[in-house]
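Chemist:
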Amino acid sequence: QSALTQPASVSGSPGQSITVSCTGTSSDIGGYDFVSWYQHHPGKAPKLLISDVSNRPSGVSDRFSGSKSGNTASLTISGLQAEDEADYYCTSYSKTFHVVFGGGTKLTVL
Amino acid sequence: QVELMESGGGLVKPGGSLRLSCAASGFDFSDSYMSWIRQAPGKGLEWLSFISNSGTTIYYADSVRGRFTISRDNAENSLWLQMNSLTVDDTAVYYCARDGSYGELAWFDYWGQGAQVTVSS
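The listed protein sequences correspond, in order, to chains A and B. Quick note: the first sequence uses the numbering used here, first residue 296, plus one each step. Quick note: the second sequence uses the numbering used here, first residue 68, plus one each step.
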């Protein structure tokens with residue numbers, strides 16, 4: 296059981312937008328602006344998409360955006376493309392456990 | 068070009084030991100804070116351990132504390148994870164990753180390709 300809760304799967308058609316939620320507690324997401332998101336294609340290294348809730352590292356498409364409200368963080372992918380099909384993970388600094396990850400969300404592009 | 072390359076994975080029997088290595092290049096390793104993260108089959112990512120740039124500050128997840136030891140050599144641009152008393156639950160792909168937030172454990176900007184560790188009798 297992961298410390299952060301993500302939906303197991305989401306899907307969308309090319310061009311659509313989807314949002315992946317990530318729910319924690321006041322000891323992690325709710326207490327710090329240290330939420331990050333990663334894209335993981337199986338067999339490859341995870342890729343940082345979003346840091347510090349909503350910052351996009353250089354080179355990451357602006358189709359990816361992050362936000363947070365209370366104990367829940369969200370990743371939105373707009374203009375879905377076939378290559379976005381991957382697993383997505385949220386993570387947060389945790390007062391209790393140092394770092395906590397979500398269980399991952401499998402994105403299917405229909 | 069930034070590169071993190073894990074090695075040392077393999078098949079080990081329950082109760083056995085294994086030492087993973089992570090060779091870093093393309094960035095200032097001596098100024099970087101590093102972590103080990105793993106992914107068990109069919110599971111999500113799990114953070115395991117952190118070491119500061121100087122090696123003086125170290126953290127572990129409860130699941131590995133007392134069994135795993137993180138270390139580094141800045142002169143060799145290398146990071147290690149010594150894993151003892153392995154169980155089948157330690158079967159996973161192990162990644163080394165750089166803490167891009169300089170010790171805040173906020174985000175990981177560089178990741179290796181991973182090393183497979185299989186614990187089985």
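For every residue, glycine included, the Cβ atom is placed at its ideal position computed from N, Cα and C.
A:Lys363 CB to nearest chain B CB: under 9 Å?
Modeler: No - not a single Cβ of chain B is within 9 Å of the one on A:Lys363.
Chemist: May I ask you to report which of helix, strand or coil DSSP gives A:Val315?
Modeler: Of the three classes helix, strand and coil, the one that applies to A:Val315 here is strand, per DSSP.
Chemist: Can you check which of these residues, A:Asp379, A:Thr386, A:Ala340, A:Lys401, is closest to A:Gly310 by C-alpha distance?
Modeler: The option with the nearest alpha carbon to A:Gly310 is A:Asp379.
Chemist: For A:Gly325 and A:Leu299, which I take to be in contact (beta-carbon distance under 8 Å), what is that distance rounded to the nearest angstrom?
Modeler: About 11 Å; that fails the 8 Å criterion.
Chemist: Looking only at its chain, what residues have a beta carbon closer than 6 Å to the beta carbon of B:Tyr162, apart from the 5 residues adjacent to it on each side?
Modeler: Hits under 6 Å: Ile104, Trp178, Gly179, Gly181.
Chemist: In the DSSP assignment, what residue or residues form a beta bridge with A:Val404?
Modeler: Beta-bridge pairing links A:Val404 to A:Gly307.
Chemist: For B:Asn141, does the three-state DSSP call read helix, strand or coil?
Modeler: In this structure, B:Asn141 counts as helix in the three-state DSSP scheme.
Chemist: Taking C-alpha atoms, which residue in B:Gly133, B:Ser88, B:Trp174, B:Gly76 lies nearest to B:Asn151?
Modeler: For B:Asn151, the nearest C-alpha among the options comes from B:Gly133.
Chemist: Considering only C-alpha positions, which residue in the set B:Gly93, B:Pro108, B:Ser88, B:Ser138 is nearest to B:Gln68?
Modeler: Looking at the Cα atoms, B:Gly93 is the closest of the given residues.
Chemist: Along chain B, which residues have their Cβ under 9 Å away from the Cβ of A:Pro302?
Modeler: In chain order: nothing, as chain B lies at least about 12 Å away.
Chemist: Under 9 Å, do B:Glu113 and B:Ala159 count as touching if we go by C-beta distance?
Modeler: In this structure, B:Ala159 lies closer than 9 Å to B:Glu113 by Cβ.
Chemist: Since I believe B:Val155 is in contact with B:Gly76 (beta carbons under 8 Å), could you give me their beta-carbon distance rounded to a whole number of angstroms?
Modeler: At roughly 15 Å, the Cβ-Cβ gap does not stay under 8 Å, so B:Gly76 and B:Val155 are not in contact.
Chemist: Can you tell me the Cβ-Cβ gap for A:His335 and A:Ala368, rounded? I've got them flagged as a contact below 8 Å.
Modeler: Contact doesn't hold; Cβ gap of about 17 Å is too wide.
Chemist: Tell me the DSSP secondary structure of B:Asp166 in three-state form.
Modeler: The answer is strand: DSSP assigns B:Asp166 an E or B state.
Chemist: Assuming B:Ser28 and B:Tyr126 form a contact by the criterion Cβ under 8 Å, report the distance between their Cβ atoms to the nearest whole angstrom.
Modeler: What is shown of chain B runs 68 to 188, which leaves residue 28 of chain B out entirely.
Chemist: Using a Cβ-Cβ cutoff of 8 Å, what residues of the stretch 168-180 of chain B are near chain A? List them in chain order.
Modeler: Taking 8 Å as the Cβ-Cβ cut-off against chain A, the residues of the stretch 168-180 of chain B that qualify are Ser168, Glu171, Leu172, Ala173, Trp174, Phe175, Asp176, Trp178, Gly179, Gln180.
Chemist: Check the Cβ of B:Phe96 against every Cβ in chain A and list those closer than 9 Å, keeping chain order.
Modeler: The contacting residues do not exist; B:Phe96 stays about 17 Å from chain A at best.
Chemist: Check each residue of the stretch 90-123 of chain B: if its Cβ is closer than 7 Å to any Cβ of chain A, include it; give the result in chain order.
Modeler: Taking 7 Å as the Cβ-Cβ cut-off against chain A, the residues of the stretch 90-123 of chain B that qualify are Gly111, Leu112, Glu113, Trp114, Phe117.
Chemist: Using the three-state DSSP reduction, which class does A:Gly325 fall into: helix, strand or coil?
Modeler: Helix at A:Gly325.
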